[in-house]
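These notes are about the structure you will find just below.
Residue numbers (this note's numbering): 30 to 402.
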């Protein structure tokens with residue numbers, strides 16, 4: 030009799046944890062509203078696709094996002110207290126209203142140590158705007174070259190040469206050239222471009238890989254702890270495979286063949302940051318086929334070696350429930366000096382309403398303690 034009474038409980042735990050051993054969902058934070066801070070919300074208006082950058086003071090976070098679904102006037106906000114509160118929408122150059130795609134923001138430093146911020150706006154041509162004073166003033170959007178792409182730039186990482194940065198993005202044939210060059214089935218191309226002058230100019234892009242059997246896009250890059258290797262997690266857009274991984278040990282001059290990741294890391298727009306104990310917190314939209322949180326905003330916790338070794342990692346966390354089949358989670362992730370993670374994204378957080386932008390705060394030590402309980 031006791032066994033029969035326990036069966037529903039066991040079944041419920043399996044549903045929460047995932048039916049596969051490699052989908053270790055340990056915690057669900059979706060109902061913990063005290064962790065959540067609204068960055069921006071406007072009745073009847075779609076607000077989405079934010080990117081953030083943490084400044085060197087350890088508490089100023091800048092956030093950019095479009096007023097619309099993947100395109101629209103770029104909005105800009107600042108938090109001066111580590112994401113607890115956010116400013117009103119800040120003034121921006123007039124050309125930011127002409128943005129055609131998701132904006133991204135990155136910190137770059139030239140060989141002389143001069144810091145600047147670079148903002149990208151995609152499709153054709155990819156355009157950039159610069160700030161030399163931590164976002165106080167910005168240039169207008171100007172073409173980076175006679176080439177374009179999608180989600181520019183999903184990742185910007187420093188190489189081992191002072192002032193040099195490697196930027197990664199993708200295209201499906203529609204935007205790289207002035208006229209579309211599409212195929213059936215679509216061919217997805219991963220591309221890289223370099224800046225050797227701290228983000229002022231960018232080289233003509235090089236092809237990393239181009240394939241139609243798998244649709245790899247939205248590259249999310251993270252360096253190995255020893256700095257020697259760069260790993261890139263990739264969305265698989267045909268939805269017929271898990272996410273993929275490629276690596277490089279020469280700052281992107283040569284790359285490994287793509288290999289499939291486990292379901293635990295299968296999703297869209299991965300953003301990875303190290304915490305103080307050397308673990309990685311990876312935020313993304315869950316798209317694993319058998320996941321109980323498919324379409325929600327989740328995070329993966331584990332080590333770099335888990336990712337490159339194809340292992341599922343330590344555990345996963347649902348950050349917020351998305352009341353939509355898939356439309357959420359182009360996330361920013363920042364780790365504050367006290368090891369607090371501030372992760373920021375958009376989603377359909379309220380049923381029947383347009384998406385809006387929210388930050389969630391957490392620490393891995395508190396999550397660890399709860400998973401042990």
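Where is the CB? At the ideal position from N, CA and C, for every residue including glycine. Remember, it's a predicted structure, so these values are computed and weren't measured experimentally.
Work out the CA separation of residue 265 and residue 316 for me, nearest whole Å. Cα to Cα, the separation comes out at about 9 Å.
Do residue 68 and residue 92 have their CB atoms nearer than 8 Å? Yes; because the gap between Cβ atoms is below 8 Å, this pair is in contact.
Proximity of residue 189 and residue 280 at Cβ, strictly below 8 Å: Between residue 189 and residue 280, the gap from beta carbon to beta carbon is short of 8 Å.
By alpha-carbon positions, which one of 314, 379 and 180 ends up nearest to residue 271? Measuring from the Cα of residue 271, the nearest candidate turns out to be 314.
When you compare each of 366, 123 and 196 to residue 102 by their alpha carbons, which one comes out closest? Residue 102 has its Cα closest to that of 123, out of 366, 123 and 196.
According to DSSP, is residue 399 helix, strand or coil? Residue 399 carries a helical assignment under DSSP once its states are collapsed to helix, strand and coil.
Cβ atoms of residue 135 and residue 180: under 8 Å apart, would you say? Taking 8 Å as the cut-off, the Cβ atoms of residue 180 and residue 135 do not count as close.
In three-state DSSP terms, what is residue 337? Here residue 337 sits in helix by DSSP.
Residue 246 to residue 237, Cα distance in whole Å? The straight-line gap separating the alpha-carbon atoms of residue 246 and residue 237 is approximately 11 Å.
Cβ pair residue 325, residue 350 closer than 8 Å: Contact: yes.
I'd like the span of the beta strand (DSSP E) that includes residue 156, first residue to last. Residue 156 -> beta strand (DSSP E) spans 156 to 160.
Between 332, 387 and 244, which lies nearest to residue 219 when the distance is taken from Cα to Cα? Looking at the Cα atoms, 244 is the closest of the given residues.
On the premise that residue 143 lies in contact with residue 228, defined as a C-beta separation below 8 Å, what is that separation, rounded to the nearest angstrom? About 10 Å separates the two Cβ atoms, so there is no contact after all.
CA-to-CA distance, residue 77 to residue 222, given in whole angstroms: Near 26 Å, if we compare the C-alpha coordinates of residue 77 and residue 222.
Apply the 10 Å Cβ neighbour rule to residue 130 and answer buried if 16 or more other Cβ atoms are within range, or exposed otherwise. Classification of residue 130: buried, given that the 10 Å Cβ count is 16 or more.
What are the partner residues of residue 403, as DSSP defines its beta bridges? Nothing about residue 403 can be read from this structure; the chain reaches only from 30 to 402.
To the nearest angstrom, how far is the alpha carbon of residue 384 from that of residue 376? Taking the straight line joining both Cα atoms gives about 5 Å.
So, using beta-carbon positions, are residue 365 and residue 329 closer together than 8 Å? A distance of 8 Å or more separates the beta carbons of residue 365 and residue 329.
Check whether the Cβ atoms of residue 205 and residue 177 sit closer than 8 Å, and answer yes or no. Yes.
What are the uninterrupted segments assigned as beta strand (DSSP E) that are 3 or more residues long and contained completely in the segment 104 to 149, given in chain order? For the segment 104 to 149, whole beta strand (DSSP E) runs of length 3 or above, ordered along the chain, are 132 to 138.
So the beta strand (DSSP E) residue 199 belongs to, where does it begin and stop? Element bounds for residue 199: 194 to 200.
Assuming residue 174 and residue 233 make a contact with CB atoms under 8 Å, what is their CB distance in whole Å? The pair is a contact, with the Cβ atoms about 6 Å apart (cut-off 8 Å).
In the DSSP output, which residue or residues are listed as bridge partners for residue 261? Paired residues: 250 and 275.
To which residues of the same chain is residue 216 closer than 8 Å at the C-beta, ignoring the five residues directly before and after it? Closer than 8 Å at Cβ, skipping near neighbours: 201, 202, 239, 240 and 241.
Neighbourhood of residue 70 by C-beta distance below 6 Å, restricted to the same chain and skipping five residues each side: Within the same chain, residue 70 has close Cβ partners 385.
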